[in-house]
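In what follows, a structure is listed as structure tokens, so that the remarks can point back to it.
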Amino acid sequence: MVPVTLERVRLQREQETMLMTLYLHALDARSPYPILGDPYAGPLLERIDYDFSRLDKLAGNLPVIVSRAKAIDDVVKSFLVAHPDAVVLHLGCGLDSRVLRIDPGPGVRWFELDQQPVMELRRRLVPERDGVSLLAASVTDPGWWSAVPAGRPTLVVGEGLLMYLSPNGLRMLIDAALTHRAVGTQMLVFDTVAPWVRRISQWQNNFRDAGTKFTSTTNDLDLVIGRHKGVALVDEQSLVSLARNATGGALGAVIGAVDAFGPGRRAMVLRTYAAPTST
């Protein structure tokens, strides 16, 4: 057997949050009753030289994280069934294997975007696919939009992203997305957190260890979206409710108790917006 060469991770601390997502996807895939069932996360994990045991304390977050990924996958699949010639922008992609799980058809143009160190690692670990372009840039940098074809149905996906942007950075991203006009249909899918979640995040050890914190909330997103006429909220799902429905046992009971409390249910939500487009 040929030994596997491990890829050493050289990322800034805040960029290592993507490894948490990968780790939880892999744990879910190994469980008897997976929620997402990502078949690619485990093999990717095994190729990375990193002490993932440091992340064991985050296992309680698994139901929410993988329920979020599954819900977004479902949105993407539905969009591509309706628009087989679409453009998909996967912002802050990290090492997520969404494009492999979705397996888009030949008419789809798919863009993976993240910061330079992350994309360098992704190039080494994730196999290339026809129709998939990798962009190394900050999501708030307007320059990368010139690489995205206009005049096609467009889906913008940001998973675990908006809460790490400053309110100004969030505004820059949303404004750019909504001025890049698609033809026929344009949708945006983001998860966001309540203001009280941002406040408590600064006291959580896992955020301190990663050198990061939440900085934007649903309130900031509402303010930015409200500046754009015609943008409609077409769906909102509580990630806590999704996790409750997918989880049994003692952990499921704990999530259920949080879900029964209004502010807890609204702690983290997944929103889908439809934007007005040209014809």
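Per our numbering, the sequence shown starts with residue 790, numbered consecutively. Glycine included, every Cβ here is placed at the ideal spot set by N, Cα and C. Treat the numbers as computed from the prediction; the structure is a model and nothing was measured.
Runs of the alpha helix (DSSP H) lying entirely within the region 791 to 877, each at least 4 residues long, are 806 to 819, 830 to 834, 851 to 871 in chain order. Val888 sits buried, since 16 or more C-beta atoms from the chains shown fall within 10 Å of its C-beta. Secondary structure at Glu909: helix, using DSSP grouped into helix, strand and coil. Taken through DSSP and simplified to helix, strand or coil, Arg890 comes out as helix. Met961 has its alpha-carbon roughly 14 Å from the corresponding atom of Gly947. Taking Ala830 as reference, the option from Glu901, Leu914, Asn957, Ser867 with the minimal CA-CA separation is Leu914. Separation of Leu1059 and Asp840 (C-alpha to C-alpha, rounded to the nearest whole angstrom) is 30 Å.
Sorting Ala871, Gly920, Ile891, Leu910 by C-alpha distance to the C-alpha of Ile837 places Leu910 at the top. Secondary structure of Asp919 (DSSP, three-state): coil.
Exclusion of the five residues before and after Val921 leaves Val888, Trp899, Glu901 as the residues of its chain whose Cβ lies within less than 7 Å of its Cβ. Pairwise C-beta distances place the region 871 to 891 out of contact with the region 981 to 995, as fewer than three of them are shorter than 8 Å.
Rounded to whole angstroms, Ala1049 and Val907 show a C-alpha spacing of 38 Å.
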